[in-house]
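Novice: Count the sequence shown with my numbering and you get residues 280 to 867, in order.
Every residue, glycine too, gets a C-beta built ideally from N, C-alpha and C.
This one's a predicted model, so the numbers in the text were calculated from it and none came from an experiment.
First the structure, which I've put down as structure tokens, then a few questions once you've had a look.
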Amino acid sequence: MKEFFKMVFASMLGMVLSFFVIFIILLVVVAGVIATVDNDKVKVSANSIIHMSLDHPIQERSSKNPLDKIDFPGFESNKSIGLNDILASLKQAKNDDKIKGIFLDVSSVQAGMATIEEIRNGLIDFKKSGKFLIAYSEVYSQGAYYLASVADKVYLNPEGLLEFKGFGSELAFFKGTLDKLEIEAQIIKVGTYKSAVEPFILEKMSDANRQQVTSFMGSMYDHFLTAISSSRKIQKDSLFAIANKLKVQQAADAVKYKLADGLRYKDQVLDELKSRTGIEKDKEIKTVSLTDYSKNLESEDGDYNSRIAVVYASGEIIGGEGNDETMGSERISRAIRKARTDDKVKAVVLRVNSPGGSALASDVIWREVVLTRKVKPVMVSMGDVAASGGYYIACGADSIFAQPNTITGSIGVFGIIPNMQKFFNNKLGITFDRVKTGEFADLGSVSRPLTDGERLIIQNEVNRIYNTFTKRVADGRKKEQTYVNEIGQGRVWSGTEALKIGLVDRLGNINDAIRSAAKMAKLSDYKIVEYPAQKDPFESIFDTSEDKMKDYFAKKEMGEQYQYFQQLKSALKFTGIQTRMPYNISIK
Numbered sequence: 280m281k282e283f284f285k286m287v288f289a290s291m292l293g294m295v296l297s298f299f300v301i302f303i304i305l306l307v308v309v310a311g312v313i314a315t316v317d318n319d320k321v322k323v324s325a326n327s328i329i330h331m332s333l334d335h336p337i338q339e340r341s342s343k344n345p346l347d348k349i350d351f352p353g354f355e356s357n358k359s360i361g362l363n364d365i366l367a368s369l370k371q372a373k374n375d376d377k378i379k380g381i382f383l384d385v386s387s388v389q390a391g392m393a394t395i396e397e398i399r400n401g402l403i404d405f406k407k408s409g410k411f412l413i414a415y416s417e418v419y420s421q422g423a424y425y426l427a428s429v430a431d432k433v434y435l436n437p438e439g440l441l442e443f444k445g446f447g448s449e450l451a452f453f454k455g456t457l458d459k460l461e462i463e464a465q466i467i468k469v470g471t472y473k474s475a476v477e478p479f480i481l482e483k484m485s486d487a488n489r490q491q492v493t494s495f496m497g498s499m500y501d502h503f504l505t506a507i508s509s510s511r512k513i514q515k516d517s518l519f520a521i522a523n524k525l526k527v528q529q530a531a532d533a534v535k536y537k538l539a540d541g542l543r544y545k546d547q548v549l550d551e552l553k554s555r556t557g558i559e560k561d562k563e564i565k566t567v568s569l570t571d572y573s574k575n576l577e578s579e580d581g582d583y584n585s586r587i588a589v590v591y592a593s594g595e596i597i598g599g600e601g602n603d604e605t606m607g608s609e610r611i612s613r614a615i616r617k618a619r620t621d622d623k624v625k626a627v628v629l630r631v632n633s634p635g636g637s638a639l640a641s642d643v644i645w646r647e648v649v650l651t652r653k654v655k656p657v658m659v660s661m662g663d664v665a666a667s668g669g670y671y672i673a674c675g676a677d678s679i680f681a682q683p684n685t686i687t688g689s690i691g692v693f694g695i696i697p698n699m700q701k702f703f704n705n706k707l708g709i710t711f712d713r714v715k716t717g718e719f720a721d722l723g724s725v726s727r728p729l730t731d732g733e734r735l736i737i738q739n740e741v742n743r744i745y746n747t748f749t750k751r752v753a754d755g756r757k758k759e760q761t762y763v764n765e766i767g768q769g770r771v772w773s774g775t776e777a778l779k780i781g782l783v784d785r786l787g788n789i790n791d792a793i794r795s796a797a798k799m800a801k802l803s804d805y806k807i808v809e810y811p812a813q814k815d816p817f818e819s820i821f822d823t824s825e826d827k828m829k830d831y832f833a834k835k836e837m838g839e840q841y842q843y844f845q846q847l848k849s850a851l852k853f854t855g856i857q858t859r860m861p862y863n864i865s866i867k
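Right under this line is the structure:
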């Protein structure tokens with residue numbers, strides 16, 4: 280017996296030691312990851328050039344999670360940076376005597392057009408310092424070229440490509456897939472244009488949907504051409520013809536039509552940079568990446584007791600806590616409430632970048648915005664998209680700012696309940712039986728079709744929520760509810776269109792919204808504080824979910840097709856009534 284207990288004790292001790300060793304190894308790995316992407320300040324030498332490359336997804340603000348800055352499985356730093364730090368870095372570099380110019384080395388920009396617009400405006404402001412801005416790429420996507428077009432010189436590789444072909448929007452439809460699976464999408468909606476449901480019940484765009492896409496895409500394209508016309512000194516009609524006839528098919532064509540200033544290999548561009556900074560050809564250029572430069576951002580001077588809170592409200596709107604990728608009603612409401620009750624915060628800017636989501640969660644956040652507006656100024660700055668639920672939470676503010684290419688509106692409501700009876704019966708051989716204590720006890724079951732009575736109940740609820748939505752907009756925007764209903768109906772608008780119909784007050788960026796908030800609060804000296812507070816690196820690592828890791832590898836494997844997978848996956852998870860934009864729009 281004694282030998283038995285010795286063996287048991289030895290085994291237990293071995294397990295404890297093993298777990299301890301694994302724990303130590305895990306801590307070492309975590310520490311190593313954090314060290315790899317440390318945020319220590321970097322030394323910037325005199326006569327330096329910022330090397331600006333935007334080849335990773337641009338979020339609203341830089342993440343503190345070290346895993347977000349690592350490319351798996353090689354564990355290499357991906358140098359990602361948020362829009363907030365990009366704009367702050369450009370502003371600081373403008374007045375930094377050590378920085379002589381920017382080398383914009385960019386082929387594609389993984390961001391929406393409104394985000395690109397913000398960065399583009401930041402570069403235009405940087406140029407006011409008299410410092411140079413040189414752009415180079417082997418291949419310019421249209422988004423990358425839009426950004427590069429403000430440069431003093433735009434160079435293209437002699438064997439490269441500059442895309443200039445106009446905008447196109449391609450939508451995926453899943454009705455055929457659902458038919459093969461014998462799944463019926465049961466739709467209850469309000470709004471002629473509320474086409475979020477179309478991919479599940481149609482095989483192509485409805486006439487109403489085609490009309491709205493043509494309208495807002497045309498508005499965005501007109502702004503695209505106007506901006507490039509101004510920066511490149513080319514007539515807008517000429518630019519339209521160049522794109523319409525696809526006249527730029529070879530690198531030389533880009534120079535011929537004055538979209539580029541010359542054809543250069545990278546070493547030739549580097550030689551020009553050396554010449555501009557007075558460095559001999561056999562010497563190295565002093566460069567600092569934009570990500571590294573952002574580590575040196577200095578706190579702006581300002582009155583510590585007079586603050587403007589910027590509340591970041593990004594992602595799908597859901598009930599509960601949410602995270603940095605989703606807009607949880609509890610988390611965002613708490614952030615707005617904290618800003619409202621802090622006497623040092625004199626005004627609030629709500630930065631919205633969301634296609635919408637849960638109607639209930641949207642209303643919860645809207646309530647906090649309205650309560651805050653009663654005691655201090657509230658401005659909204661719209662990012663790439665602030666549509667449906669994203670507009671719902673914005674409409675209660677004092678003033679709304681959008682970019683010309685922001686996608687907004689989509690004032691409509693819908694619900695989807697899949698009928699999977701035939702899928703279960705015919706594909707899986709599963710049948711269901713039930714016992715109920717009430718006629719509607721199993722309302723919402725996916726194992727059978729809705730009855731007429733159930734459909735009427737849900738339709739009435741959708742109608743009620745739509746009426747509430749339009750009333751919120753009418754009250755916030757000081758419009759008649761009948762007018763809001765006319766411009767609502769689920770229709771999507773560009774920022775430019777939204778200004779004309781009164782859904783937004785001004786075209787401008789987040790800094791414009793901050794300045795407006797300061798003016799309304801009568802502040803000449805203030806500091807910016809950001810909400811919600813981000814978790815520290817260790818917390819972020821241990822909170823990294825399995826789903827997030829799965830999504831990362833799915834994106835790696837599926838590339839551009841991932842968006843269709845994600846769209847179908849999201850639709851299957853819809854719960855409750857939704858105030859959501861029709862689809863994920865990507866202009867190419």
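Taking DSSP's pairing of strands, which residues face GLN465 in a bridge?
Specialist: Here residue 465 corresponds to residue number 186 of the sequence shown, with the count starting at 1. The partner list for GLN465 (beta bridge, DSSP) reads ILE696.
Novice: Looking at C-beta atoms only, is the number of pairs between the stretch 780-790 and the stretch 674-685 that lie closer than 8 Å three or more?
Specialist: They touch, by the three-pair rule.
Novice: Measure the CB-CB distance between LYS565 and ASN326 and report whether it falls below 9 Å.
Specialist: Sequence index remark: in the sequence shown, residue 565 carries index 286 (1-based). Sequence index remark: in the sequence shown, residue 326 carries index 47 (1-based). Cβ distance < 9 Å, so LYS565 and ASN326 count as in contact.
Novice: Residues in its own chain within less than 6 Å of LEU460 by CB, not counting five upstream and five downstream?
Specialist: Within the sequence shown, the letter at position 181 stands for residue 460. These residues qualify, in order along the chain: PHE702.
Novice: In whole angstroms, what is the alpha-carbon distance linking ALA777 and ASP364?
Specialist: Taking the first residue of the sequence shown as position 1, residue 777 is located at position 498. Taking the first residue of the sequence shown as position 1, residue 364 is located at position 85. Between ALA777 and ASP364, the C-alpha separation is close to 28 Å.
Novice: Based on the DSSP output, what are the partners of GLY279 in its beta bridges?
Specialist: Residue 279 is absent from the model: the chain starts at 280 and stops at 867.
Novice: Going by other Cβ atoms of all chains shown within 10 Å of its Cβ, with 16 needed for buried, is ARG586 buried or exposed?
Specialist: By 1-based counting over the sequence shown, the position of residue 586 is 307. Flag for ARG586 reads buried.
Novice: Which value, in whole angstroms, describes the spacing of the CA atoms of GLY557 and VAL476?
Specialist: As a working mapping, residue 557 is identified with position 278 in the sequence shown. As a working mapping, residue 476 is identified with position 197 in the sequence shown. Computed Cα separation, rounded: 60 Å.
Novice: From the DSSP secondary-structure annotation, give me the bridge partner or partners of ASP384.
Specialist: Residue numbering aside, residue 384 sits at position 105 when the sequence shown is read from its first letter. ASP384 pairs with TYR415.
Novice: Pull up the DSSP beta-bridge partners for ILE690, would you.
Specialist: Residue 690 sits at position 411 when you count from the first residue of the sequence shown. None; ILE690 has no bridge partner.
Novice: Is it a yes or a no for the stretch 654-662 touching the stretch 752-759, going by three-plus beta-carbon pairs under 8 Å?
Specialist: Result no; under three Cβ-Cβ pairs closer than 8 Å.
Novice: Compare the beta carbon distance of ILE690 and ARG770 with 9 Å and say whether it is the shorter of the two.
Specialist: Looking up residue 690 in the sequence shown gives position 411. Looking up residue 770 in the sequence shown gives position 491. Contact flag set, yes.
Novice: Helix, strand or coil for PHE680 per DSSP?
Specialist: The residue given as residue 680 occupies position 401 in the sequence shown. Note: PHE680 maps to strand in three-state DSSP.
Novice: Assuming SER637 and TYR671 make a contact with CB atoms under 8 Å, what is their CB distance in whole Å?
Specialist: As a working note, residue 637 is residue 358 in the sequence shown. As a working note, residue 671 is residue 392 in the sequence shown. Going by Cβ atoms, the distance from SER637 to TYR671 rounds to 10 Å, so no, they are not a contact pair.
Novice: Relative to the C-alpha of ILE381, which residue among TYR415, MET392 and ILE395 is closest?
Specialist: Here residue 381 refers to the residue found at position 102 when the sequence shown is read from its first residue. Among TYR415, MET392 and ILE395, the Cα nearest to that of ILE381 belongs to TYR415.
Novice: Do PRO634 and GLN465 have their C-beta atoms closer together than 9 Å?
Specialist: For this step, residue 634 is matched to residue 355 along the sequence shown. For this step, residue 465 is matched to residue 186 along the sequence shown. Result no, Cβ atoms of PRO634 and GLN465 do not sit closer than 9 Å.
Novice: Work out the CA separation of ARG340 and THR749 for me, nearest whole Å.
Specialist: Counting from one through the sequence shown, the residue named residue 749 turns up at place 470. Counting from one through the sequence shown, the residue named residue 340 turns up at place 61. The alpha-carbon atoms of THR749 and ARG340 are separated by roughly 31 Å.
Novice: For ASP458, which of helix, strand or coil comes out of DSSP?
Specialist: The residue given as residue 458 occupies position 179 in the sequence shown. Here ASP458 sits in helix by DSSP.
Novice: Using 10 angstroms around the beta-carbon of VAL654, count the other beta-carbons present and answer buried if the total reaches 16, otherwise exposed.
Specialist: Counted from its first residue, the sequence shown places residue 654 at position 375. Label assigned to VAL654: exposed.
Novice: Express the C-alpha separation of SER578 and ALA796 in angstroms, rounding to a whole number.
Specialist: Taking the first residue of the sequence shown as position 1, residue 796 is located at position 517. Taking the first residue of the sequence shown as position 1, residue 578 is located at position 299. Going by the C-alpha atoms only, they are around 20 Å apart.
Novice: I need the straight-line Cα distance from LEU538 to VAL433, nearest angstrom please.
Specialist: Taking the first residue of the sequence shown as 1, we reach residue 538 at position 259. Taking the first residue of the sequence shown as 1, we reach residue 433 at position 154. Taking the straight line from one Cα to the other gives about 8 Å.
Novice: Taking THR605 as the reference, give the member of PRO811, ILE360 and ALA372 with the closest Cα.
Specialist: Here residue 605 corresponds to residue number 326 of the sequence shown, with the count starting at 1. The shortest C-alpha separation from THR605 is found at PRO811.
Novice: Here's the rule I'm using: 16 or more other beta-carbon atoms within 10 Å means buried, otherwise exposed. How should GLY708 be labelled?
Specialist: Position 429 of the sequence shown, counted from the start, is the residue given in the question as residue 708. Looking at its Cβ environment, which holds fewer than 16 other Cβ atoms inside 10 Å, GLY708 is exposed.
Novice: What is the C-beta distance between CYS674 and VAL752, in whole angstroms, given that I count them as a contact (C-beta under 8 Å)?
Specialist: Walking along the sequence shown from the start, residue 674 turns up at place 395. Walking along the sequence shown from the start, residue 752 turns up at place 473. Yes, they are in contact, since the Cβ atoms of CYS674 and VAL752 sit about 5 Å apart, within 8 Å.
Novice: Name the residue from LEU569, ASN684 and VAL527 whose alpha carbon lies nearest to the alpha carbon of GLY439.
Specialist: Numbered from 1 along the sequence shown, position 160 holds the residue referred to as residue 439. GLY439 has its Cα closest to that of VAL527, out of LEU569, ASN684 and VAL527.
Novice: State buried or exposed for THR730, treating a residue as buried only when at least 16 other CB atoms are found within 10 Å of its CB.
Specialist: If you number the sequence shown from 1, residue 730 lands on position 451. That one is exposed.
Novice: Could you pull the start and end residues of the beta strand (DSSP E) that ASP663 belongs to?
Specialist: Locating residue 663 in the sequence shown gives position 384, where the first residue counts as 1. Residues 657-666.
Novice: Would you tell me roughly how many angstroms separate the C-alpha atoms of VAL423 and GLY723, rounded to the nearest one?
Specialist: As a first step, residue 423 is located in the sequence shown; it is residue number 144 there, counting from the start. As a first step, residue 723 is located in the sequence shown; it is residue number 444 there, counting from the start. The sequence given here places Ala at residue 423; Val does not occur at that position. Spanning the two alpha carbons is a distance of roughly 46 Å.
Novice: Does the beta-carbon distance from THR651 to VAL628 come in below 9 Å?
Specialist: Here residue 651 is taken as the residue at index 372 of the sequence shown, counted from 1. Here residue 628 is taken as the residue at index 349 of the sequence shown, counted from 1. Their beta carbons are not under 9 Å apart, which means THR651 does not touch VAL628 by this criterion.
Novice: For LEU457 and ILE615, I'd like the C-alpha separation in whole angstroms.
Specialist: Indexing the sequence shown from 1 puts residue 457 at position 178. Indexing the sequence shown from 1 puts residue 615 at position 336. Cα to Cα, LEU457 sits roughly 41 Å from ILE615.
Novice: Return the chain-ordered ranges of every alpha helix (DSSP H) run that is complete within the stretch 719-801 and spans a minimum of 4 residues.
Specialist: Complete alpha helix (DSSP H) runs here, min 4: 731-756, 760-766, 774-780 and 789-799.
Novice: Is it right to say PRO336 is buried, meaning 16 or more other beta carbons lie within 10 angstroms of its own, or is it exposed?
Specialist: Residue mapping note: residue 336 aligns to position 57 of the sequence shown, counting from 1. It counts as exposed.
Novice: Spell out the partners DSSP gives GLY595 in its beta bridges.
Specialist: The residue you call residue 595 lines up with position 316 of the sequence shown. Per the sequence shown, residue 595 should be read as Glu rather than Gly. In DSSP, GLU595 forms a bridge with THR605.
Novice: Short check: CB of VAL385 to CB of ALA588, under 9 Å?
Specialist: The count along the sequence shown starts at 1 and reaches residue 385 at position 106. The count along the sequence shown starts at 1 and reaches residue 588 at position 309. No, Cβ-Cβ distance for VAL385 and ALA588 is not below 9 Å.
Novice: Using the C-alpha atoms, what's the distance from ILE766 back to ASP721?
Specialist: Residue mapping note: residue 721 aligns to position 442 of the sequence shown, counting from 1. Residue mapping note: residue 766 aligns to position 487 of the sequence shown, counting from 1. The alpha-carbon atoms of ASP721 and ILE766 are separated by roughly 37 Å.
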